[in-house]
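Comments concern the structure below.
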Amino acid sequence: MTTANTTHAGTNVLDNALNTSAPTIALIGRVLLAAMFVLAGFDKIGGFEGTAGYIGSVGLPFPEVLTMLTIAVEIGAGLALIVGFQVRIAALLLAGFTLAASVLFHNYWAMPAEQAYVQQLMFMKNISVAGGLLMIVALGGGALGLNKGK
Numbered sequence: 001m002t003t004a005n006t007t008h009a010g011t012n013v014l015d016n017a018l019n020t021s022a023p024t025i026a027l028i029g030r031v032l033l034a035a036m037f038v039l040a041g042f043d044k045i046g047g048f049e050g051t052a053g054y055i056g057s058v059g060l061p062f063p064e065v066l067t068m069l070t071i072a073v074e075i076g077a078g079l080a081l082i083v084g085f086q087v088r089i090a091a092l093l094l095a096g097f098t099l100a101a102s103v104l105f106h107n108y109w110a111m112p113a114e115q116a117y118v119q120q121l122m123f124m125k126n127i128s129v130a131g132g133l134l135m136i137v138a139l140g141g142g143a144l145g146l147n148k149g150k
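Mapping of the sequence shown onto this note's numbering: residues 1 to 150, in sequence order.
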């Protein structure tokens with residue numbers, strides 16, 4: 001009996017190469033996901049008042065405090081993902097943050113038609129990123145990192 005992994009000789013070679021490379025692939029994936037958050041966090045430091053104003057514009061209370069928390073989450077959890085420290089907790093925090101930000105700031109369903117398309121793209125991008133983060137929550141961060149797969 002043949003299985004999907006042994007039907008073609010090339011499949012075994014590919015599976016073996018991917019299994020051997022899995023720790024490096026996981027690290028690259030973590031860095032790619034985290035980069036967006038770390039860069040956004042540093043951008044918010046430089047544009048603190050603008051960010052606080054944007055947060056306040058949707059009716060959230062204490063926009064300055066929320067801006068500081070946002071910066072801390074984006075930079076702190078993003079760096080934790082990169083170095084492999086408590087990646088499941090960091091990924092869960094970022095996934096929740098991303099889903100909340102999507103609903104609050106990219107609510108395309110409540111926007112004028114001329115803004116809805118771009119906001120829908122941003123919403124779907126964020127949902128996809130949250131999906132990747134939830135994969136890290138489920139599977140861990142791989143063998144390369146401070147917590148080695150946890």
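Cβ coordinates follow ideal geometry from the N, Cα and C atoms, glycine included.
Residue i, enclosing alpha helix (DSSP H) - first and last residue
i      : result
Leu144 : Where Leu144 is concerned, there is no enclosing alpha helix (DSSP H), given that its DSSP letter is neither H nor E.
Asn126 : Ala113 to Leu139
Gly84  : No alpha helix (DSSP H) holds Gly84; DSSP gives it neither H nor E.
Gly56  : Phe48 to Ser57
Beta-carbon contacts of residue i that lie in its chain and below 8 Å, excluding the five residues immediately before and after
i      : result
Met1   : With a pLDDT of only 48 at Met1, under 50, the local geometry of the prediction cannot be trusted, and the value read off the model is given with reservation. Nothing meets the Cβ criterion.
Leu18  : Ile25
Lys44  : Thr51, Thr67, Thr70, Ile71 and Glu74
Leu144 : Pro23, Thr24, Ala26, Leu27 and Gly84
Beta-carbon gap between residue i and residue j smaller than 8 Å
i      : j      : result
Ile89  : Gly41  : no
Gly84  : Gly141 : yes
Asn147 : Gln86  : yes
Leu33  : Val129 : yes
Identity of the residue in the options nearest residue i by Cα
i      : options                         : result
Phe37  : Ala95, Asn12, Asn19 and Val13   : Ala95
His106 : Ala143, Ser57 and Ala80         : Ser57
Ser102 : Gln86, Gly145 and Ile127        : Ile127
Phe123 : Gly78, Gly47, Ala100 and Ala143 : Ala100
Gly76  : Leu39, Glu49, Gly47 and Phe48   : Leu39
8 Å Cβ cutoff, residue i in contact with chain B
i     : result
Pro61 : In the structure shown, chain B does not exist; there is a single protein chain.
6 Å CB neighbourhood of residue i in its chain, flanking five on each side removed
i      : result
Gly119 : Before going further, note that residue 119 is Gln rather than Gly in the sequence given. His106, Tyr108 and Met111.
Legend entry - Contact between the stretch 19-32 and the stretch 55-68 (3+ Cβ pairs under 8 Å): no
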